[in-house]
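Student: Residue numbers (my numbering): 1014 to 1435.
Don't be surprised by glycine CBs; every beta carbon is placed ideally from N, CA and C.
This is the structure I have questions about; it appears just below.
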Ligand code: DSN
């Protein structure tokens, strides 16, 4: 049966079909990407996209909210239960706005924030120089140890004492080890700073109890909903009761207008999915797969930042392999293996052409891949590195990668059925 999209807009239907085929026919190793379930996809594409709901449940600026109020309350309650938080705001459009919302709630423009440097694994919005977060606030940054690739808490404490930030950010986008949020909380307390923790990458591991939660140690916890957590593209803030009003005001009307109710509805569904034994099993397998992939890469002589991984993510320092990150990422893409080039700590090369490659296992785990497949993927990566300028070798890996993908289907897409998805 033809879908409405296929009938009305064949051009966009065809492009969407091609993207669906690309997503199912390639090995997705970008650690911030995943595949949502059909239920999340349906909620995201529902009639809730038609509704404006500025405000919060019971306090809206438009009528017709008796259903949206109930949906938002369900999403809030599920988030609070899942993360054991006093308060949840599920309206941020994404992680960047959520981070800005956390800062706006707690400090004033011109105050000082201290986050992990982008080139060491922090996010743009943790105060990196091109982000507005370094223009609205004074920004001072902490690195990881160049020797170990790990957070050095003595150094972070010294920097905090020297720079006296008003707010310290824990959390990262490219850090392969467990983060001790308790120590961050202690350092923040010692210097009289607020502690904001950004768990966008590891939220799914936190709810599954695999990574320690920052909720007891942070004033505000910020997250996206679409990475390891496997929901729609969105953001959320969790906080102590004492900060609830400030957080809500910072998000709306401080930074945003109406929440994207279709996304918020899909977040509610994703929260229900995350509160299941199946989700815990998935999250455990994400880490097992990352460890298996890392171990195999080490056997092939790859240098991994920090020597391995505790979570869903691996950061490869390619300098000993004499292949630049961007060149490798592009060759891997031709071989149906999708990654992203990334800086590594102490990288002499710029972020636009860095020395590293960032990979992760959430998406392959959602497809059902386990340790043998993770090892096979490490072998593919090694073959591409060894044959970086050999297009026929790259093509051969692409064929084998497609075969592997064909054995592990992706969740069915409700617009493009899987049988049209090739
Ligand atoms: N772009 C995200 C990531 O890939 O880690 C962070 O916002």
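1. Determine the direct distance from the alpha carbon of residue 1261 to that of residue 1085, and round the result to whole angstroms.
2. Mind checking who residue 1125 pairs with in its DSSP beta bridge?
3. Suppose contacts are defined by Cβ-Cβ distances below 7 angstroms. Is residue 1355 in contact with residue 1185 by that definition?
4. Leaving aside the five residues before and after residue 1045 along the sequence, list all residues of the same chain whose C-beta is less than 6 angstroms from its C-beta, in chain order.
5. Any idea which residues DSSP pairs residue 1355 with across the strands?
6. Expressed to the nearest angstrom, what Euclidean distance is found between the alpha-carbon atoms of residue 1147 and residue 1330?
7. Taking the alpha-carbon positions, what's the residue 1158 to residue 1108 distance?
8. Where does residue 1208 fall in DSSP's three states?
9. At which residues does the alpha helix (DSSP H) containing residue 1114 begin and terminate?
10. Please determine, among 1191, 1212 and 1227, the residue with the shortest C-alpha to C-alpha distance to residue 1198.
11. Any heavy atom of the ligand DSN closer than 6 angstroms to the beta-carbon of residue 1161?
12. Count the other C-beta atoms from every protein chain shown that fall within 10 angstroms of the C-beta of residue 1334, then say buried if there are 16 or more, exposed otherwise.
13. Strictly closer than 5 angstroms from CB to any heavy atom of the ligand DSN: give me those residues in the order they appear in the chain.
14. From the DSSP secondary-structure annotation, give me the bridge partner or partners of residue 1041.
15. In whole angstroms, what separates the C-alpha of residue 1131 from that of residue 1165?
16. Using beta-carbon positions only, say whether residue 1242 and residue 1209 come within less than 7 angstroms of one another.
17. Among the candidates 1067, 1301, 1313 and 1397, whose CA atom is the shortest distance from the CA of residue 1351?
18. With respect to the alpha helix (DSSP H) encompassing residue 1395, which residues constitute its N-terminal and C-terminal limits?
19. Less than 8 angstroms between the CB atoms is what I'm expecting for residue 1100 and residue 1093, so what's the real figure, rounded?
20. Is residue 1042 buried or exposed, if buried means 16 or more other CB atoms sit within 10 Å of its CB?
21. How is the beta strand (DSSP E) around residue 1176 delimited, first residue to last?
22. In terms of residue numbering, what span does the alpha helix (DSSP H) encompassing residue 1100 cover?
23. What span of residues does the alpha helix (DSSP H) with residue 1308 cover, start to end?
Tutor: Reading it off the structure:
1. Their backbone Cα atoms lie some 13 angstroms apart in a straight line.
2. Looking at the DSSP output, residue 1125 shares a beta bridge with 1151.
3. Taking a C-beta distance under 7 angstroms as the contact criterion, residue 1355 and residue 1185 do not qualify as a contact pair.
4. Same-chain partners within the cutoff: 1240.
5. DSSP, once it has assigned bridges, lists 1369 as partnering residue 1355.
6. Cα to Cα, the separation comes out at about 28 angstroms.
7. Roughly 26 angstroms separates the two Cα atoms.
8. Residue state, collapsed to three classes: strand.
9. First-last of the alpha helix (DSSP H) with residue 1114: 1108-1119.
10. Relative to the Cα of residue 1198, the nearest Cα in the group 1191, 1212 and 1227 belongs to 1227.
11. Checking every heavy atom of the ligand DSN against the Cβ of residue 1161, none is found closer than 6 angstroms.
12. Result: buried.
13. That query returns the following residues: 1045 and 1186.
14. 1351, per the DSSP bridge assignment.
15. Residue 1131 and residue 1165: Cα-Cα distance of roughly 16 angstroms.
16. Cβ atoms of residue 1242 and residue 1209: not closer than 7 angstroms.
17. Comparing Cα-Cα distances from residue 1351 to each of 1067, 1301, 1313 and 1397, the minimum goes to 1397.
18. That run of the alpha helix (DSSP H) goes 1384-1399.
19. Contact between residue 1100 and residue 1093 holds: CB atoms are separated by about 7 angstroms, below the 8 angstroms threshold.
20. Classification for residue 1042: buried.
21. That residue, residue 1176, is in no beta strand (DSSP E); its alpha helix (DSSP H) goes 1166-1176.
22. For residue 1100, there is no enclosing alpha helix (DSSP H); the residue is part of the beta strand (DSSP E) that begins and ends at 1100-1102.
23. Counting along the chain, the alpha helix (DSSP H) containing residue 1308 begins and ends at 1290-1312.
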